[in-house]
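Numbers given in our numbering equal positions in the sequence shown, counted from 1, plus 1.
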Amino acid sequence: MDGDTAVAPDFDPRTPEAVRDPYAALKPLQDAAPVWWSDRLGAWCVTRYTDIRVAFRDPRLSADRIRPFIAQAAPALRDTVGPLGDHLEHWAVFTDPPDHTRLRGLMNKAFTAGAVEALRPNIGAIVDDLLDAVETGLAARGDRTFDFTAAVAYPLPATVIADMLGVPRQDVDRLKDWSDRLAKFVLTSRADPDRYRLAAEGIAEMEVYFRDFLDSPPSGGHAGVTAGLIDARDAGDRLTSDELVANCVLLLFAGHETTTQLLANGLLALLRNPDQMADLRANLEDADLVRNAVEEMLRFDGPALSSVRVVAEDFEWHDARLRRGDRVFLFQCSGNRDPRAFADPDRFDIRRADAKANIGFGYGIHFCLGAPLARLEAEVAFPRILRRFPNLALAEPDPAWSDSILTRGMLALKVRAKESSD
Ligand code: HEM
2 MDGDTAVAPD FDPRTPEAVR DPYAALKPLQ DAAPVWWSDR LGAWCVTRYT
52 DIRVAFRDPR LSADRIRPFI AQAAPALRDT VGPLGDHLEH WAVFTDPPDH
102 TRLRGLMNKA FTAGAVEALR PNIGAIVDDL LDAVETGLAA RGDRTFDFTA
152 AVAYPLPATV IADMLGVPRQ DVDRLKDWSD RLAKFVLTSR ADPDRYRLAA
202 EGIAEMEVYF RDFLDSPPSG GHAGVTAGLI DARDAGDRLT SDELVANCVL
252 LLFAGHETTT QLLANGLLAL LRNPDQMADL RANLEDADLV RNAVEEMLRF
302 DGPALSSVRV VAEDFEWHDA RLRRGDRVFL FQCSGNRDPR AFADPDRFDI
352 RRADAKANIG FGYGIHFCLG APLARLEAEV AFPRILRRFP NLALAEPDPA
402 WSDSILTRGM LALKVRAKES SD
């Protein structure tokens, strides 16, 4: 299964070096073996920018990676993974046309630019409340250090997506807990042996929650995206009840962890690049620059480490022979640092003219539905955070990273809000 690339360099995603710096770990593949078979992953690895964009648009690469996985599961696991599959096969992100075209069309109608833009003042108010709580906590403890992820980057997107779906805010922590368990499966933790059971439990509880939420509307009726999706279901047989529940769960799931990582990874990049931090701080009124800085955060160290596809028919590519059923990892992190696409790619530059060409939100028909929301959250949050804390510094120079092979996020980001006299 190693095609013509037998002399290719190795890539082991489980080493501490690869978890800490996947860019460096994948570089040898990008240079020498752009489509490379990994025995460890049991999959092809694609690492060049243009190849990844081509792959995202290639109908021979299917987004339906759930059904094949469930079909191949060991008999002992079937009872656990079966219900997971029944739910996940309805997620738009795991479907191909024509199902995807139908689901995505309905979600686009509910998840409109207007619905996102209407959240702007709400997002600002949530950020301000979170920053107030940080300040109160710092004052009470007499210590200037806090975990930015736990205090701001996690609660902001979780609260925003709950508001957008109309789910009560007091349920956010419960939903987050179920969603974290599901992430062990969907985001392929590299090490957790218990992940299937945890994910199955998480999904079962979320399903019960959402069925109840959809059947018993809050006093003013369902609002926002949920109302739009319910209309789509009730308008005929275009969205089934199972699809409705599953795609509410998808929105909740997709809507927070990735955005948490954008905020935390973005702040880390600024703290590690003081010249860029100084430039941004001096120009916080410049909405275009703030917007471009967010694009550069997505490019330089964004949350999307990779996306998976399954080969739907045999074909040859860069001398490799891909066979039906093979899995393919499209390493967006690597593509975003491809020198063929971006000049001096390992440099974090908030004024980079082509930062927006990053593939952090994917590409083609599955391009992230929530991109406008994630961008808006970051564009609203960063100026507020930097104004509130004019002297932010890293409290832990080398934070630990999650071992997911699909997303790139830190377990915590400890920062110090220095007094100006410090
Ligand atoms: C910085 C934050 C985010 C990043 C980096 C991100 C990344 C991605 C990527 C890479 C894909 C494509 C996956 C593939 O092709 O297999 C995707 C799809 C998707 N994302 Fe996001 N996402 C983010 C935030 C959000 C938010 C806030 C929401 C919703 C509220 C969301 C909802 C979705 C949905 C529904 C899809 C599936 C679209 C489809 O299949 O047509 N995402 N996202």
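Backbone N, C-alpha and C define an ideal beta-carbon position, used for all residues, glycine too.
Remark: the C-beta of Phe12 is outside contact range of the ligand HEM, defined as less than 7 Å to any heavy atom.
In the three-state DSSP reduction, Trp92 falls in the coil class, being neither helix nor strand. For Glu317, the enclosing beta strand (DSSP E) covers residues 316-318. Relative to the ligand HEM, the nearest heavy atom lies less than 7 Å away from the CB of Val94. Of the residues assessed, Asp40 falls on the exposed side of the cut-off, its CB having fewer than 16 other CB atoms within 10 angstroms.
Rounded to whole angstroms, the separation of the alpha carbons of Ala34 and Leu166 is 44 Å. In this structure, the C-beta of Pro304 approaches the ligand HEM to less than 7 Å from one of its heavy atoms.
Short note on Gly167: C-beta not closer than 7 Å to any heavy atom of the ligand HEM.
Rounded to whole angstroms, Ala228 and Ser220 show a C-alpha spacing of 13 Å. By the CB criterion at 8 Å, Leu131 and Pro156 fall inside the cutoff. Bounds of the alpha helix (DSSP H) holding Arg196 are 196-216. Between Thr16 and Gln31 the beta-carbon gap is near 17 Å, outside 8 Å, which marks them as no contact.
Around the beta carbon of Lys185, a 10 Å sphere encloses 16 or more other beta carbons of the protein chains shown; the residue is thus reported as buried.
Of Ala93, Leu120, Leu263, Ser217, the smallest CA-CA separation from Leu107 is found for Ala93.
Placement of the Cβ of Arg105 at a distance of less than 7 Å from at least one heavy atom of the ligand HEM is found. The stretch 99-158 is shown to contain whole alpha helix (DSSP H) runs of 4 or more residues at 100-111, 114-118, 121-142, in chain order. Across the structure, Ala114 and Asn248 are spaced so that their CA atoms are roughly 18 Å apart. Taking 8 Å as the cut-off, the Cβ atoms of Thr408 and Leu306 count as close.
With contacts defined as CB atoms closer than 8 Å, Val135 and Ala119 fail to qualify as a contacting pair. Relative to the ligand HEM, the beta carbon of Thr48 is positioned no closer than 7 Å to any heavy atom. In the three-state reduction of the DSSP assignment, Ala279 falls in the helix class, which pools H, G and I. For Gly256, the CB falls within less than 7 Å of some heavy atom of the ligand HEM. Gln333 and Tyr50 have their alpha carbons spaced roughly 7 Å apart. Residue side-chain check: Ser403 keeps its Cβ at 7 Å or more from all non-hydrogen atoms of the ligand HEM.
DSSP, reduced to helix, strand and coil, places Phe343 outside both helices and strands of the structure shown, so it counts as coil. Put simply, of Glu314, Ala283, Arg175, Ile162 the residue whose alpha carbon is nearest the alpha carbon of Pro391 is Ala283. A contact between stretches requires three or more CB pairs, one per stretch, nearer than 8 Å, and the stretch 292-311 meets this requirement with the stretch 360-369.
Within the chosen limit of 7 Å, the ligand HEM does not reach the beta carbon of Thr227 with any heavy atom. Counting C-beta pairs with one atom in each stretch, the stretch 293-301 and the stretch 375-383 have three or more that are closer than 8 Å, which means they touch.
A heavy atom of the ligand HEM is found nearer than 7 Å to the CB of Phe362.
The alpha-carbon separation between Ala413 and Phe316 amounts to approximately 42 Å.
Lys110 is classed as exposed because its beta carbon has fewer than 16 other beta carbons within 10 Å across all chains shown.
Around Phe349, the same chain offers Ala270, Asn274, Gln277, Glu297, Phe301 as residues with beta carbons nearer than 7 Å, after the five sequence neighbours per side are excluded. Checking the 7 Å criterion, the Cβ of Ala224 is out of range of every heavy atom belonging to the ligand HEM.
Within 10 angstroms of the beta-carbon of Pro23 lie 16 or more other beta-carbons, which makes it buried.
As computed with DSSP, Ser335 is found in no beta bridge at all.
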